[in-house]
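Asker:
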Amino acid sequence: MDQNKLTAMTVGALSDLLEKKELSSTEICTAYINKVKETDPTIQAFLALDEKHVMDAAAEADQRRAAGNARSLYDGIPIGIKDCIAVKDERCSCASKILENFKSVYDSTAVANLRKAGFIPFGRTNMDEFAMGSSCENSAFQKTRNPRNTDCVPGGSSGGSAACVAADEVPASLGSDTGGSIRQPAAYCGVVGLKPTYGRVSRYGLVAFASSLDQIGPFTKNVKDSAILMDTIGGYDAKDCTSLNTPCGGFAAALQKGDLKGMKIGLPKEYYEMDGAAESVKAAAQAAIEKYKALGAEMVEVSLPHTKYSMACYYIIATAEASANLARFDGVRYGYRSPEATNVLETYMKSRGEAFGDEVKRRIMLGTYVLSSGYYDAYYLRAQKVRTLIRRDFEDAFKSCDLLLTPVTPDTAFKFGEKSDPIQMYLSDVFTTSLNLCGTCGMSIPVGKDPANGLPIGMQLMAAPLREDLIFRAAYAFEQA
Amino acid sequence: MSSGANKFDAGRVAMLARLELAPESLARFQSEMEKIVSYVDQLTELDVDGIEPTAHAAPMTNVLREDQAVPGFPRDVMLKNAPGTIDDELVAMPQVLPGGGMA
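Heads up: the sequence lines are chains A and B, in that order. Those letters in the first sequence? Residues 16 to 496, by this note's numbering. Those letters in the second sequence? Residues 5 to 107, by this note's numbering.
1) Relative to chain A, which residues along the segment 68 to 88 of chain B have a C-beta separation below 8 Å, given in chain order?
2) If we ignore side chains and look at the alpha-carbon of each, how far apart do A:P354 and A:F344 end up?
3) Would you kindly work out how many angstroms separate the C-alpha atoms of B:V17 and A:F371, rounded to a whole number?
4) A:T322 CB to nearest chain B CB: under 9 Å?
5) How far does the beta strand (DSSP E) with A:G473 in it reach, from first residue to last?
6) Below 9 Å on C-beta distance, what does A:V347 contact in chain B?
7) Using the rule of at least 16 other Cβ atoms within 10 Å of the residue's Cβ for burial, across every protein chain shown, is B:E93 buried or exposed?
8) Quick one: residues in its chain with C-beta nearer than 6 Å to the C-beta of A:A478, no 5 flanking neighbours on either side, listed in chain order?
9) Could you give the distance in angstroms between the alpha-carbon of A:K15 and the alpha-carbon of B:T58?
10) Are the C-beta atoms of B:D91 and some chain A residue less than 9 Å apart?
11) With distances taken from CA atoms, which of A:E34, A:L33, A:I43, A:K36 is nearest A:K20?
12) Where does A:N128 fall in DSSP's three states?
13) Given a cut-off of 9 Å, decide if A:L381 and B:I90 are closer than it, judged by their beta-carbon atoms.
14) Tell me whether the segment 124 to 139 of chain A and the segment 78 to 94 of chain A touch, counting them as touching only if at least three CB pairs, one residue from each stretch, are closer than 8 Å.
15) Taking only runs of the beta strand (DSSP E) that begin and end inside the segment 308 to 353 of chain A, which ones reach a length of at least 3 residues, in chain order?
16) Could you list which residues in chain A have their beta carbon closer than 8 Å to that of B:P57, in chain order?
17) Grouping DSSP H, G and I as helix and E and B as strand, with all else coil, what is A:D192?
18) Exposed or buried, which one is A:A335 when buried takes at least 16 other CB atoms within 10 Å?
19) Closer than 8 Å by beta-carbon distance: list the chain A residues that pair up with B:L30, in chain order.
20) For the beta strand (DSSP E) containing A:F234, name the first residue and the last one.
21) At least one CB of chain B closer than 9 Å to the CB of A:S338: is that the case?
22) Is A:Y203 near A:N161, with beta carbons less than 9 Å apart?
23) Contact check, A:I379 vs A:L341 under 8 Å by CB: the rounded distance?
24) Can you name the residues of chain A whose CB is closer than 9 Å to the CB of B:E34?
25) Out of A:N153, A:T257, A:L38, A:S119, which has the shortest C-alpha to C-alpha gap to B:L68?
26) Could you tell me which of A:C109, A:G264, A:D255 sits nearest to A:C99, measuring between CA atoms?
27) Assuming A:T193 and A:F224 are in contact, meaning their beta carbons sit under 8 Å apart, how far apart are those beta carbons, in whole angstroms?
28) Between the segment 308 to 328 of chain A and the segment 267 to 284 of chain A, can you find at least three pairs of beta-carbon atoms closer than 8 Å?
29) How about the segment 236 to 245 of chain A and the segment 180 to 195 of chain A: do they share at least three Cβ pairs that are nearer than 8 Å?
30) Would you say A:T124 lies against chain B (beta-carbon separation less than 9 Å)?
31) Looking only at C-alpha atoms, which of A:L396, A:S338, A:S415 sits nearest to B:L23?
32) Can you find a CB in chain B that lies within less than 9 Å of the CB of A:L419?
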């Protein structure tokens, strides 16, 4: 088979050919490794790729299938893994110098679940350091390029996971989303990205950024693959005390073509009235709304009155949690230790000062400040109360509709260095952070391209907690129409 | 409530956060952080009296498990990522207490 045709395939299509014995896992993985060698010197989506781990796993998958013991329909298909999700015996650096030489001693539950179905962890994808950023420019190691236009960023923080799927370097990947880190890069790279309901996917083995917001989710080429991966990685895990003890699965089997008669889609006016949104994004949003109407969905205007406060609320809560979570990187038990330190305080101060990047330092400082004596009530407690107001907005909105439809980002992918001011960078997540504060689910789907520069535009479908089924139904209908 | 931006002291907060900032970068961090603190100060526009705080999006309850011993990770595995070890069983550290005596 033609190699470029093979690497452009979806998880579903690869599975069909594996089942028919027209392709082996060894052939599939060889093709993707060759594709990475050819493309990644330019795209730079991968921080590492252990070919031996991949090819050994492929040979084992082929043996299982030949013996009639395939672990699932997907046994032998490679999946890219973000560098903050633990894979046993592979690096887990979070694109930070402080963990540059760290190797995981166990599998995260999401990866263990992938392996149970025979999926093969494939490389370590680049990210903003500790998932703090919206462009991948905060990686300590390399700048990932957007495969749709290599002068532009892929988005972030899961930019490597989005870019490797868009560049056909892997059929699908896992990322993590704390304030939009799956949905925003999916929109910028023109792929499907799902942020599941908080608690759906175990966080065991995900390096913590903001524990009440973080969630692992898939990047895929189409909606069906997203459902397949969600069926695989989700579910209760006793190792994560925030894991939801609720059935999670059957999403892929439930997909069927058809109209959306009876479905109510809410259009939050604050998202459509926001200043500064690009004309191309507004036009693509309007076209998506018309397509949904043609599919039979009923559009209703809704209001999320506290939308303008979500960014400030998010930055207080996320950084407060991050300042506590990142306290563990102290140069003592693992990670970088400054050779200059002569006592324990210097070990903390110098190791962290030398090995954390500027954005991580800014966020640790903001988080430390909002939790510090005298400021806790004014910032952290107030932000938690605003979080309640934002959550109530969503609860009220979902009383009158099944889904919300909004742009993912106010603009298309921007050029390297274009957003040098930290607050300007934060604002590229203006449409995505509310969802994490509410703990609910959302998906970015590609809906078109900016006619001026050809860059992809994404729309976000949001549902009430645990209603990924509604998102999959509406996203699949849109894609198939 | 007055703005917190003019009270932000990068040097003090960096000490609290155990971050050594290079002297030449202190002024830049001070100015960037003042802008960020001013931005998040917009939450003071809202009246939040009587609103209960949300710490977690999903309802959280204490999670208990059966009190059964299960194997943990072996020591040699957990020490693999340590910056320094003593006799392959301890994490080596620079001096913790003032004065001499410790290796």
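Each residue gets a CB set at the ideal place from its N, CA and C atoms; glycine is no exception.
Answerer: According to the data block:
1) R69, F77, V81, M82, K84, N85, A86, P87, G88
2) Residue numbering aside, residue 354 of chain A sits at position 339 when the first sequence is read from its first letter. Residue numbering aside, residue 344 of chain A sits at position 329 when the first sequence is read from its first letter. A:P354 and A:F344 have their C-alpha atoms some 15 Å from each other.
3) For the purposes of this step, residue 17 of chain B is taken as residue 13 along the second sequence, with counting starting at 1. For the purposes of this step, residue 371 of chain A is taken as residue 356 along the first sequence, with counting starting at 1. Roughly 16 Å separates the two Cα atoms.
4) Looking up residue 322 of chain A in the first sequence gives position 307. Not one chain B Cβ lies under 9 Å of A:T322.
5) The residue labelled residue 473 of chain A in the question sits at position 458 within the first sequence. Unbroken beta strand (DSSP E) run through A:G473: 471 to 478.
6) Here residue 347 of chain A refers to the residue found at position 332 of the first sequence. What A:V347 touches in chain B: A86, P87, V95, M97.
7) Here the question's residue 93 of chain B lines up with position 89 in the second sequence. The residue is exposed, with fewer than 16 neighbouring Cβ atoms inside 10 Å.
8) Position 463 of the first sequence, counted from the first residue, corresponds to residue 478 of chain A. The answer, listed in chain order, is L418, C456, L485, I486.
9) A query on residue 15 of chain A cannot be resolved here, the shown segment of chain A reaching from 16 to 496 and no further.
10) As a working note, residue 91 of chain B is residue 87 in the second sequence. It does not: the Cβ of B:D91 has no partner Cβ on chain A nearer than 9 Å.
11) As a position in the first sequence, residue 20 of chain A is number 5, starting the count at 1. That would be A:I43, whose Cα lies nearest to the Cα of A:K20.
12) Start at 1 with the first residue of the first sequence, and residue 128 of chain A comes out as number 113. The answer is helix: DSSP assigns A:N128 an H, G or I state.
13) Within the second sequence, the letter at position 86 stands for residue 90 of chain B. Within the first sequence, the letter at position 366 stands for residue 381 of chain A. Taking 9 Å as the cut-off, the beta carbon of B:I90 is found no closer than this to the beta carbon of A:L381.
14) yes
15) 313 to 317
16) Reading the second sequence from its first residue, position 53 is the one you call residue 57 of chain B. Residues of chain A passing the Cβ test: L396, Q399, K400, R402, T403.
17) Position 177 of the first sequence, counting from 1, holds the residue named residue 192 of chain A. In the structure shown, A:D192 sits in a strand (DSSP, three-state: E or B).
18) As a first step, residue 335 of chain A must be located in the first sequence, where it is residue number 320. When all chains shown are included, A:A335 counts as buried.
19) Reading the second sequence from its first residue, position 26 is the one you call residue 30 of chain B. The premise fails here: B:L30 is roughly 11 Å from chain A at the closest Cβ pair, so nothing lies under 8 Å.
20) Residue 234 of chain A sits at position 219 when you count from the first residue of the first sequence. Segment 230 to 235, the beta strand (DSSP E) holding A:F234.
21) As a first step, residue 338 of chain A is located in the first sequence; it is residue number 323 there, counting from the start. Yes, because at least one Cβ of chain B sits closer than 9 Å to the Cβ of A:S338.
22) Residue 203 of chain A sits at position 188 when you count from the first residue of the first sequence. Residue 161 of chain A sits at position 146 when you count from the first residue of the first sequence. Yes, they are a contact pair.
23) The sequence position of residue 379 of chain A within the first sequence is 364, counting from 1. The sequence position of residue 341 of chain A within the first sequence is 326, counting from 1. The pair is a contact, with the Cβ atoms about 6 Å apart (cut-off 8 Å).
24) For this step, residue 34 of chain B is matched to residue 30 along the second sequence. Per the sequence shown, residue 34 of chain B should be read as Gln rather than Glu. Per Cβ cutoff of 9 Å: no residues; B:Q34 is ~10 Å from chain A at best.
25) In the second sequence, counting from the first residue as 1, residue 68 of chain B sits at position 64. Of the candidates A:N153, A:T257, A:L38, A:S119, the one whose C-alpha sits nearest the C-alpha of B:L68 is A:T257.
26) Within the first sequence, residue 99 of chain A is the residue found at index 84, counting from 1. Measuring from the Cα of A:C99, the nearest candidate turns out to be A:C109.
27) Here residue 193 of chain A refers to the residue found at position 178 of the first sequence. Here residue 224 of chain A refers to the residue found at position 209 of the first sequence. The Cβ separation is near 5 Å, so the contact holds.
28) At 8 Å Cβ cutoff, the stretches touch.
29) yes
30) Your numbering for residue 124 of chain A matches position 109 in the first sequence. At a cut-off of 9 Å between beta carbons, A:T124 makes no contact with chain B.
31) Along the second sequence, read from residue 1 onward, the residue named residue 23 of chain B stands at position 19. Checking every option, the nearest Cα to that of B:L23 belongs to A:S338.
32) Working through the first sequence from its first residue, we reach residue 419 of chain A at position 404. For A:L419, the answer is no, since every Cβ of chain B falls outside 9 Å of its Cβ.
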